Every structure is written in structure tokens, then in C-alpha cells.
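Heads up: the structure comes next, in C-alpha cells.
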Amino acid sequence: MSLFWRIFLLNAAVLVAAGALLLLGPITVSAPVVLTEALILAGGMTLMLGANALLLRLGLAPLQRVTRAMATIDLLSPRPRPEVAGEGEVAALIETFNSMLDRLEAERATSNARALGAQEDERRRVAQELHDEVGQTLTAVLLELKRVTGHAPEPLREELTQVQEITRGSLDEIRRIARRLRPGVLEELGLVSALTALTTETPTPRGLTIRRRMEKDLPPLGKEAELVVYRIAQEAFTNTVRHAGATLLELSLRRRPGGVELRIRDDGRGLGDAHEGAGLRGMRERALLIGATLTLSTGATGGTDVRLDVPVRNGNA
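Read the sequence shown against my numbering and you will find it ends at 300, with the numbers running on by one and no gaps.
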């Protein structure tokens, strides 16, 4: 039955009941109307309108629920779905909305996977060019500077030595950037070694203490899941180093029932009222690619607490 006919029949039932009470009941209306009759009619109209409002509210309650779901649902992770309730057009509307969310989630996952895959390919290409082109060029410059320094007069030799040190520092920085763009240690030695290298090789401000707690006997996650975990840890670590003003950073990677947990906590200034930027949004999108749950919150003693729960099914993430 369509929504129109349901509302029409509800109103008709209320009106028929009111008319039957007037016809069959002992109440009569005289002319002119006396006060008692007016009060009885007013009470009857009030009851009739109240019954009508109650029936309409019950009939349209599923529409109110789906309206709230449309207004509050997180499009990055549109779960749980609104419960299919009601009949006819109302139930069909909720089912259609849920189907739309299913398609949106599937299309978003596909497009995110394609975009992040292209991003990783571009990072590998840039890292390779930095290593092969810029790195080799600076290495050649260093060798030439060393040769020239050996034949230069004493007053000029000290200046050339300083240029060598600057060039060597630039070469080290380029290599560090290339390793961050393409974490070769992740492919060669695994996730634990890659996270250890991340925390030891990234320049940190003075006064920041880093603590690591990583278990060795973790379940296999697969290459894609390991890359997601590494990138999320890299983003969270970089945010803390650059913006948190923290004195303590704790990174842990542990086995949990049904999966693996990555956790990064600091005692910095916390999230505050800052809007979600591209970095945090990228972390959430990466987590969705592998079905992981990303939680960002304020720590018990302040700071930021980043937690990533990676599910492991049938031995792999």
C-alpha cells in the first residue's frame, strides 16, 4: 500500500469513528449551542486530532530515522546502515538508500585504491630519480670537490672543505627523502624493521624522547596491509614531530585478538579544534582500503592517541 493511501485511510478511520460516535451516542447539538455541548465537541476534536497525530507519527517514524541517518552518516565509513522498517514506499525508500550507500562505499574503495596506487607509483618514480639522477650527480660533485681540494692552495682548501660538507649533507638529506618516498627496508626486512628505521632516521626536535614496543611474532599482514600500516605510522609520526610540541612519543605494534594494533601516542598539544586536513583524511582512506579501523582521540594525560586496528582473517590481513 502506498504512503498516500495509508495516510488517507488513517484519516478516514478517525473521521468515521468520530462520526459514528456522534450518530450513535447520546450527545446532541442544539441551536444555539450551549456551553456543555461546545466543551464536548472540543474534547472530541482534540481526541480525534491527537489520535490522528499519533497514528501519523507511528507511520512516518521510519522516515524520520532515515532522515537522521542521511544527515549524520559518515560518507567515508557509512555504517551501520539504517534499519529497514515500515511498509510500502517507506521500506522501499530505506532499501534504496542502503543500496546507494553500498554502491558509494564500493566505488569509493575502488577509486581510493586506484588513486593511492598511483600515488605510490609516483613516489617510487620520484625516489628512483632522486637516487639515480640527483644522488649520482651530487656524488660526482663530491668526488670532484675532493680532487680539487687536494690541489688547492691552503687559503682556498678550507672553503672547499666547507662546500664538501654542505654537499655531503644535501646528499644525505636526498637519500633520506628517497627512503621515505620508497621504504625499501619495508620490502626487504619487513614492517618492524621499517618502523624502527622510521623512528631512528627521521630528524626529531631536541627534547623529544621516542619509545618503541614492537612484537616480533606478528601474524602475516600482506604487502598492501604492511604498506598501509607504515604510511599511517609515517603520517602520525611526522605530525607529532612537526606540530605537536611533544616531549614523549610512544610507538607500539602488537598482536591483538583477531588482528594487529598499531598505536602512536604523544604528550603534545593534541588535536584541539583543528579541522581534519588532507593528512588525517588520507590516513582514514588508507585504513578503509584494508578494512582497518582508525581511531584518533585525546590521550588520558593530553596529547594525541592514534590507534589502527588491522583485522587478520585466515592468516592474512
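We treat Cβ as the ideally placed atom computed from N, Cα and C, and that holds for glycine.
Just so you know, these numbers come straight off a predicted model, no measurement behind them.
Item: Thinking C-alpha only, which one of 171, 235, 216, 213 is nearest residue 199?; Value: 235
Item: Taking the alpha helix (DSSP H) that residue 158 falls in, what are its first and last residues?; Value: 137 to 164
Item: Please list the terminal residues of the continuous alpha helix (DSSP H) segment that includes residue 215.; Value: 206 to 222
Item: Which residue comes first and which comes last in the alpha helix (DSSP H) that contains residue 133?; Value: 119 to 134
Item: Would a C-beta distance cut-off of 9 Å place residue 131 and residue 143 closer than the cut-off?; Value: yes
Item: On a CA-only basis, which of 163, 251, 167 is nearest residue 190? Give me that one, please.; Value: 251
Item: Alpha carbon to alpha carbon, how far is residue 210 from residue 176? Give it in angstroms, no decimals.; Value: 13 Å
Item: Is it buried or exposed for residue 149, if we count other Cβ within 10 angstroms and need 16 for buried?; Value: exposed
Item: Work out the CA separation of residue 247 and residue 286 for me, nearest whole Å.; Value: 10 Å
Item: Can you pull the DSSP bridge partners for residue 249?; Value: 232
Item: Taking C-alpha atoms, which residue in 134, 174, 53 lies nearest to residue 84?; Value: 53
Item: Rounded to the nearest angstrom, what separates residue 269 and residue 81 at their Cα positions?; Value: 23 Å
Item: Given a threshold of 16 other Cβ atoms within 10 Å of its Cβ, counted over all protein chains shown, does residue 104 qualify as buried or as exposed?; Value: exposed
Item: Buried or exposed: which applies to residue 28, given that a residue is buried once 16 or more other Cβ atoms fall within 10 Å of its Cβ?; Value: exposed
Item: So who's on the other strand from residue 278, going by DSSP bridges?; Value: 290
Item: On a Cα-Cα basis, can you pick out the residue from 278, 134, 167 that is closest to residue 108?; Value: 167
Item: Between residue 133 and residue 157, is the Cβ-Cβ spacing less than 9 Å?; Value: no
Item: Three-state secondary structure (DSSP) at residue 194?; Value: strand
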